[in-house]
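*Asks:*
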Amino acid sequence: MDVKTRGELIEQERQNRLNTVYQLADRLATLATGALTLIVAFRNDLTPASACGLWLLRASLICLILTIVSFVFIHVSKMELHKRTIVAIGTNDTSSEIIEPPRYFHVARYGLIGGFTLGMVLLGMFGVSVR
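Our numbering numbers the first residue of the sequence shown as 433 and each following residue consecutively.
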């Protein structure tokens with residue numbers, strides 16, 4: 433029977449948490465890209481009835497683009513985390529402070545969730561304003 437130490441269990445849970453964030457980032461970026469594709473494909477059919485509708489559409493596009501940019505930063509930070517881990521293992525310094533994601537990972541995480549949520553809300557508001 434393989435008995436893990438407390439440190440190994442904490443590290444395993446931290447990895448699970450990061451993997452969950454990466455999966456969420458992947459799914460939200462896919463949905464944002466799909467929404468952008470649909471908006472661009474049907475741009476001639478999406479004629480806003482007012483200036484407010486046009487503003488809502490543009491703001492939702494900006495938020496969806498923010499989601500995709502945040503996705504890129506999350507995956508760049510994943511590469512940086514792997515690099516830090518390799519260096520830490522090579523130097524025998526595996527303290528948790530060294531093997532933490534870069535600061536921009538946390539900023540991008542909020543940009544991803546906030547951008548997607550706000551983009552969808554604004555897109556929904558645009559859909560209601562067109563009717």
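For glycine and all other residues, C-beta sits at the position ideal for the given N, C-alpha and C.
In this text the structure is predicted, and so the values were computed from the model without any measurement.
#1: Classify residue 502 as buried or exposed, calling it buried when 16 or more other Cβ atoms lie within 10 Å of its own Cβ.
#2: Could I get the ranges of all uninterrupted alpha helix (DSSP H) runs contained in the region 467-537, with 4 residues as the minimum, in chain order?
#3: Excluding the 5 residues preceding and the 5 following residue 457 in the sequence, name in chain order all residues of the same chain whose CB lies nearer than 6 Å to its CB.
#4: Rounding to the nearest angstrom, what Cα-Cα distance links residue 562 and residue 495 in this structure?
#5: So residue 498 and residue 547 are in contact, right, with Cβ under 8 Å, and what is the actual spacing, rounded?
#6: When the distance is taken between beta carbons, is residue 489 closer than 9 Å to residue 537?
#7: Determine the contact status of residue 492 and residue 554, defining contact as a CB-CB distance below 9 Å.
*Replies:* Inspection of the coordinates gives the following:
#1: Counting from one through the sequence shown, the residue named residue 502 turns up at place 70. So residue 502 counts as buried.
#2: 483-522
#3: Start at 1 with the first residue of the sequence shown, and residue 457 comes out as number 25. Correct list, in chain order: 503, 506, 544.
#4: Here residue 562 refers to the residue found at position 130 when the sequence shown is read from its first residue. Here residue 495 refers to the residue found at position 63 when the sequence shown is read from its first residue. About 19 Å.
#5: The residue given as residue 498 occupies position 66 in the sequence shown. The residue given as residue 547 occupies position 115 in the sequence shown. Yes, they are in contact, since the Cβ atoms of residue 498 and residue 547 sit about 4 Å apart, within 8 Å.
#6: Here residue 537 corresponds to residue number 105 of the sequence shown, with the count starting at 1. Here residue 489 corresponds to residue number 57 of the sequence shown, with the count starting at 1. Cβ atoms of residue 537 and residue 489: not closer than 9 Å.
#7: Walking along the sequence shown from the start, residue 492 turns up at place 60. Walking along the sequence shown from the start, residue 554 turns up at place 122. Against a cut-off of 9 Å, the Cβ pair of residue 554 and residue 492 comes out as a contact.
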